[in-house]
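Engineer:
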Amino acid sequence: MAKLTKEEFINSLNEMSILEIKELVDAMKEAYGVDPSAVAVAGPAVAVVEEGPSKVNVVLTAAGANKIAVIKLVRDLTGLGLKEAKDIADNGGNVKEGIDKEEAEKIKAQFEEAGATVELK
-13 MAKLTKEEFI
-3 NSLNEMSILE
7 IKELVDAMKE
17 AYGVDPSAVA
27 VAGPAVAVVE
37 EGPSKVNVVL
47 TAAGANKIAV
57 IKLVRDLTGL
67 GLKEAKDIAD
77 NGGNVKEGID
87 KEEAEKIKAQ
97 FEEAGATVEL
107 K
């Protein structure tokens, strides 16, 4: 039996009708016990896991030495009053919830510049 090259095989597929290609796929499934739908489903699931969450929470864990700057930043970002912002600076907590990761990274950089410790969850 003559061996086909990849190019010859692809050219043969280009000449086939959709029905003939479906019959070929069915015959390959039966001959080799392969289910192409299982492979197709597994591919995107891996990509989703690698991307991580698209929405994150910015959580202040420690205000650091420059607490006044951190309180001002919390007020600017959240619109909270002085007491509420001070409570977050003192005790930690969510500063922003459900925001894009890119925006969260910018906010994290602002807090780190002010001397605070922030986590993205």
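End of the sequence shown = 107 in this note's numbering, gap-free, step of one.
We put the CB at the ideal spot given by N, CA and C, even for glycine.
Please read all numbers here as calculations on a predicted model, not as lab measurements.
Return the CA-CA distance between D21 and K15, expressed in angstroms with no decimal places.
Structural biologist: If you number the sequence shown from 1, residue 21 lands on position 35. If you number the sequence shown from 1, residue 15 lands on position 29. If you take the alpha carbons of D21 and K15, they lie about 6 Å apart.
Engineer: According to DSSP, is A17 part of a helix, a strand, or is it coil?
Structural biologist: Taking the first residue of the sequence shown as position 1, residue 17 is located at position 31. If DSSP states are grouped into helix, strand and coil, A17 belongs with the helices.
Engineer: Return the chain-ordered list of same chain residues with a C-beta closer than 8 Å to the C-beta of D73, the five sequence neighbours on each side being excluded.
Structural biologist: As a position in the sequence shown, residue 73 is number 87, starting the count at 1. So the qualifying residues of the chain are G79.
Engineer: Could you compute how far the alpha carbon of E89 sits from the alpha carbon of L66?
Structural biologist: As a position in the sequence shown, residue 89 is number 103, starting the count at 1. As a position in the sequence shown, residue 66 is number 80, starting the count at 1. Computed Cα separation, rounded: 19 Å.
Engineer: For the structure I just gave you, are there three or more beta carbon pairs, one from the stretch -3 to 15 and one from the stretch 44 to 54, closer than 8 Å?
Structural biologist: Not touching, per the Cβ criterion.
Engineer: Look up N80 in the DSSP assignment and give the residues it is bridged to.
Structural biologist: Counting from one through the sequence shown, the residue named residue 80 turns up at place 94. BP columns for N80 point to V45.
Engineer: Give the DSSP-derived three-state secondary structure of L5 in the structure shown.
Structural biologist: Mapped onto the sequence shown, residue 5 falls at position 19. In the structure shown, L5 sits in a helix (DSSP, three-state: H, G or I).
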